[in-house]
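Asks: Handing you a structure now.
Numbering (this note's numbering), first residue to last: 3 to 1282.
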């Protein structure tokens, strides 16, 4: 009997004790003839030994037989029946090898080693019951693996199984299933798809497949085919269904992905079949195939055990080129679901390190198509895919000029989720790009050429900040909220390094254009409003809770005290309610902001209120603000949820609401810390952001001067120590900043004689700009009369030939505004100089600089000596305007007619400058003409001066319709810069209601504007302003129509067209009316609605019931209807015609207006008698033939053919409606269009590949325009 020894020699175990030992144990039985062991072999195959009850006997018997098989290899001295019994015993022994501590582990290992070394195991495949034995072997080994197969034996076992499969002619189906089940294991419901978790038999399956690629490829194809056949075959308990077949197909695809991860060579034929599925008629199958190919392409070394995975993707690209091409075409599949599946798979593929440049190019071109797809689902999936990419992957594999332009266009996408994703994605890219740039790191842009890289860098560095901040102009709360969050988290992110932080801020501001800077300024101005609102919120909360605690302490309070206390509490709650409304109106509805604010109000958490107070205080430094926001969010997150009085607000909603409010209200960008750092940059003339820092300081001083309190002394010292003659010193910026701060806090005026002496010197020897602000600053001093009088006395007498003449003139002009009586004794001499020696003559001949189209404000300020002659004239006009403003501001009896009368000539001088196009030098004067560029600037300054004077109510009588018409010329001036600047100022004055509404009609004088951007801006301002007034039921814009008609009738060009060819020619009248229609068209396109179209028609028709009040009575005596009145009535009829045609176009209901409205008395006067009125009403001023011609032109203007309708002497009255409203405005539900009775055709998907910008309309006739202005009362004005 074989006995167990502690240490088994390397020789044959079965020889121990059975035959004499060889001197060399390693060669025991090595060269013995097989016949020598025939009897032993026969005895060992005895059933009693193989099935012995003693485990030791069976173990050693198996070891001995293993050696017998080795000695007799390649033959075996046993019958098929004996071999079958032996191998079953072998497998039974191997089944115990999982436990390395069992007594016979060494023998079990020995058996496995011998079976593999001499390949004895392949004898199994020739036995009659080979299939059963192979199945038993695989079941045993996989069960063993499940229990924990010893790692040192794993490779032997894997080789054994691979060898059996290699030699077997037929592989049992169960074995194939077992192998693939382990290979395709993807986790359980608990583990998910964890890449670090695999099936116990995974190593065996990989070895089997890698060792038998061809055979297993056939087996996997056969298995998949059988699975599909089985799912499609009905049984007694199951009927066939498409759903079951699809589930099986889905399983096959999932298995295919796992097989590709580990043994990609096996799927040669399967990949082709999946590629064929890409062209299937079934949408579900195409989606599944697209996802599967995407997952296969996304395989990388992170989620596979394949040793050559780096070349796997390239192998697919080359070996399965047709499948690759078919898969790429799925980006333009007819099904949106397929296109979504394609886009979703993109990030993982791009993340593969083995992807080639050619593949990247293909993917980039196709993702661009998906970004411009007609389906919102596809665009969303594409944006999610790009948003999930890491910055290095995005820049090196996707970013190019076309892709960035596409993403820029999606910033204004209609779908909120898409828009938000794109904003966040681009902000993330911008943040990482700027970090790399500021750290002098090279950003990898892949295969782009140097010129392309330069263009992409410019788009990220300069174009994106402009497009991003201009999103604030869009009238959508969701956009404003996202912009606010991204501005402080990615665009100008939080950073502990003050130098880095301020450098990012300066760089951001330096890239902004004029329009973007206005939006950025609005963000800063808004900060002060929100800060005041939150401060009031804290005060009301404290007042409410202090009152409640006081009431609790009053045990014996009487009824009267209780009622009084309740009134006070109710009043506090009422004020708080209004505050909730104001703060939540610009927050997304999903934030539930109102409930969040109520919850915070009633929580009575003094620490939270203290943190909010720290955040919004203008005296807080950066660290305090940042830490307070962080602590507040953490505290709220840990706080137990409580319900607010009007509904529940979750912790997430409270945090989201407060975060946005604090970002808007806190001085995160311009606080004490940042201001100090920016001040350092402004003092360093060699710093690249030197000028930008000065601009930022001036901007802060104008928008929120409180934060400059600690820097006032520093700025004053800079003003004193800097050389006033060094152009690099930022004296202008410092002066403006000091002025803006002292304007709000004059009591903080620096108590320094050196400081005031420097201001006095600048007022005499500095530049005109420095003199202006020096006088302004001295105007805040307690003894301003003394200092200003000193300036005047030192500046007089004025001599144009003396040095610093423009500086002294600038000082006097400013003194005239602040303290006009300081110059009253010298007015005659000053007026003589500025009119006779400055305005009416040019002291020396000058000409326009070649190539210059406009002299900017910076040119006048920085190069004031080069433009000394122009500066003199501009300052002369400023003096005229300032003196009038100063006197009206300081005089107590401004209503006196004689007092007002004295300003008539100066105002008419301003209008004369405009009327003569800026040239008031006499033609026979030797200094004539004034340079063209000078004339542009002069007429603009004169027009802006009239707008300033129009803000003074007592001057309304002097600024009559004639002056108004002359000022209106600037709206169609030959210079674009003149038109733009005057238009912006006019819009601003009208938005703030600083000038009378009779100026409103001037905005429509841009009907002939050739520049599309200016026209768009004008249209957008009209629409947004009209919407605000419409909410208040204000008919200001409607009433303006009569003034517009009158203004067109008296327009010089209209007059010249009308009088052409003797004034009676039909062609002349047509030309004149066509010219007038452009103005009326601009009005109707922006103002007309179904609710006011009848009122507009009423106003237009009422014009024919009045005389022209601007005509003298003598003209009506000469002719009952003067030519000027005929032109007025002709424009009135034109307007009526256009209103009717426009009503037809929009399907508006045109009815008789039930109310009454008087026309402006300064333009229209009543008819003298009934005869005159009848004659005017009966006459048709636009002939029928002329109407037909005009209607043809209207087709192009209005965009459609209109029905023939003539305006006769007696127009057919429309249906009259009942006057059921006290106000003139009537509201009416829009008339629904009849549904088309034509056959409905399902819309075909249209490719957007040729489209470079996606625009989606918002409501009827409105678009997501870049100029759309925020519409809430207190917030909207920031962008006006």
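Note that CB positions come from ideal geometry on N, CA and C, so glycine has one too.
Output needed for residue 377: all residues of its chain with C-beta closer than 6 Å, excluding positions within five of it in sequence on either side, in chain order.
Replies: Result list for residue 377: 338, in chain order.
Asks: Hey, out of 412, 425, 362, whose CA is closest to residue 395's CA?
Replies: Minimum Cα distance to residue 395 is reached at 362.
Asks: Using 8 Å as the threshold, is the segment 780-797 in touch with the segment 829-839, meaning 3 or more CB pairs across them?
Replies: Not touching, per the Cβ criterion.
Asks: Taking the runs of the beta strand (DSSP E) that are 3 residues or longer, which of them lie wholly in the segment 1132-1178?
Replies: You should have 1166-1168.
Asks: In whole angstroms, give me the CA-to-CA distance for residue 108 and residue 58.
Replies: Roughly 11 Å separates the two Cα atoms.
Asks: Using the Cα positions of residue 836 and residue 875, report the straight-line distance between them to the nearest angstrom.
Replies: Taking the straight line joining both Cα atoms gives about 8 Å.
Asks: Roughly how many angstroms separate the alpha carbons of residue 515 and residue 440, rounded to a whole number?
Replies: Cα to Cα, the separation comes out at about 22 Å.
Asks: Beta strand (DSSP E) containing residue 1109: first to last residue?
Replies: From DSSP, the beta strand (DSSP E) with residue 1109 extends over 1108-1110.
Asks: Taking three-plus beta-carbon pairs below 8 Å as touching, is the segment 627-640 in contact with the segment 660-668?
Replies: In short, these stretches touch, since the Cβ pair count reaches three.
Asks: Determine the DSSP secondary structure at residue 400, reduced to helix, strand or coil.
Replies: Here residue 400 sits in coil by DSSP.
Asks: If residue 349 sits next to residue 391, beta carbons under 8 Å apart, how far is it from one beta carbon to the other, in whole angstroms?
Replies: Yes, residue 349 and residue 391 are in contact; Cβ-Cβ is about 6 Å, under 8 Å.
Asks: Quick check on this structure: which residue in 90, 922, 425 has the alpha carbon closest to the alpha carbon of residue 123?
Replies: If we check each option's Cα against that of residue 123, 90 comes out closest.
Asks: At 4 residues or longer, what runs of the alpha helix (DSSP H) sit wholly inside the segment 729-786?
Replies: DSSP runs (the alpha helix (DSSP H)) wholly in the segment 729-786: 733-746, 755-767, 770-780.
Asks: What would DSSP say about residue 358, mapped onto helix, strand or coil?
Replies: Residue state, collapsed to three classes: coil.
Asks: Alpha carbon to alpha carbon, how far is residue 529 from residue 712? Give it in angstroms, no decimals.
Replies: For residue 712 and residue 529, the distance between alpha carbons rounds to 19 Å.
Asks: Closest to residue 720 by C-alpha separation, out of 683, 708, 747, would be which residue?
Replies: Looking at the Cα atoms, 683 is the closest of the given residues.
Asks: Give the straight-line distance between the Cα atoms of residue 140 and residue 351, rounded to the nearest whole angstrom.
Replies: Straight-line Cα distance between these residues: approximately 36 Å.
Asks: From the DSSP output, in three-state form, read off residue 855 for me.
Replies: Note: residue 855 maps to coil in three-state DSSP.
Asks: With distances taken between CB atoms, is the gap from residue 722 to residue 777 smaller than 7 Å?
Replies: No, they are not a contact pair.
Asks: Alpha carbons only, please: which of 668, 583, 161 is nearest the one belonging to residue 616?
Replies: Nearest of 668, 583, 161 to residue 616, Cα basis: 668.
Asks: What is the C-beta distance between residue 426 and residue 488, in whole angstroms, given that I count them as a contact (C-beta under 8 Å)?
Replies: Their Cβ separation, rounded to whole angstroms, is 6 Å, which keeps residue 426 and residue 488 in contact under 8 Å.
Asks: If you draw a straight line from the alpha carbon of residue 1004 to that of residue 988, how long is it in whole angstroms?
Replies: Cα-Cα distance, rounded: 9 Å.
Asks: Taking just the CA atoms, how far does residue 384 sit from residue 173?
Replies: Rounded to the nearest angstrom, the two C-alpha atoms are 45 Å apart.
Asks: Residue 681 lies in the alpha helix (DSSP H); which residues open and close that run?
Replies: 674-685 is the span of the alpha helix (DSSP H), which, as asked, contains residue 681.
Asks: Would you call residue 227 buried or exposed, if buried means 16 or more other Cβ atoms sit within 10 Å of its Cβ?
Replies: Exposed.
Asks: Skipping 5 residues on each side, what residues in its chain have a beta carbon closer than 8 Å to that of residue 599?
Replies: Contacts found: 539, 581, 582, 585, 586, 659.
Asks: Could you say if the segment 1093-1107 and the segment 1001-1016 meet the contact criterion of at least three C-beta pairs nearer than 8 Å?
Replies: No contact exists between the segment 1093-1107 and the segment 1001-1016.
Asks: Mind checking residue 701: buried by the 16 CB within 10 Å criterion, or exposed?
Replies: Buried, by the Cβ-count rule.
Asks: Tell me the DSSP secondary structure of residue 161 in three-state form.
Replies: In the structure shown, residue 161 sits in a helix (DSSP, three-state: H, G or I).
Asks: Can you find the residues in the same chain that come closer than 7 Å, C-beta to C-beta, to residue 958, ignoring five residues on each side of it along the sequence?
Replies: 998.
Asks: Do you know how far the Cα of residue 1194 is from the Cα of residue 1145?
Replies: When rounded, the distance between both Cα atoms is 16 Å.
Asks: Rounded to whole angstroms, what is the Cα-Cα separation between residue 950 and residue 899?
Replies: Residue 950 and residue 899: Cα-Cα distance of roughly 20 Å.
Asks: Alpha carbon to alpha carbon, how far is residue 397 from residue 455? Give it in angstroms, no decimals.
Replies: Between residue 455 and residue 397, the C-alpha separation is close to 10 Å.
Asks: Any contact of the segment 835-853 with the segment 764-784, i.e. 3+ C-beta pairs under 8 Å?
Replies: No, because fewer than three Cβ pairs between the segment 835-853 and the segment 764-784 fall closer than 8 Å, the two stretches do not touch.
Asks: Note down the Cα distance separating residue 273 from residue 250, rounded to an integer number of angstroms.
Replies: If you take the alpha carbons of residue 273 and residue 250, they lie about 17 Å apart.
Asks: Could you check if residue 95 is buried or exposed, using at least 16 other CB atoms within 10 Å of its CB as the buried criterion?
Replies: It counts as buried.
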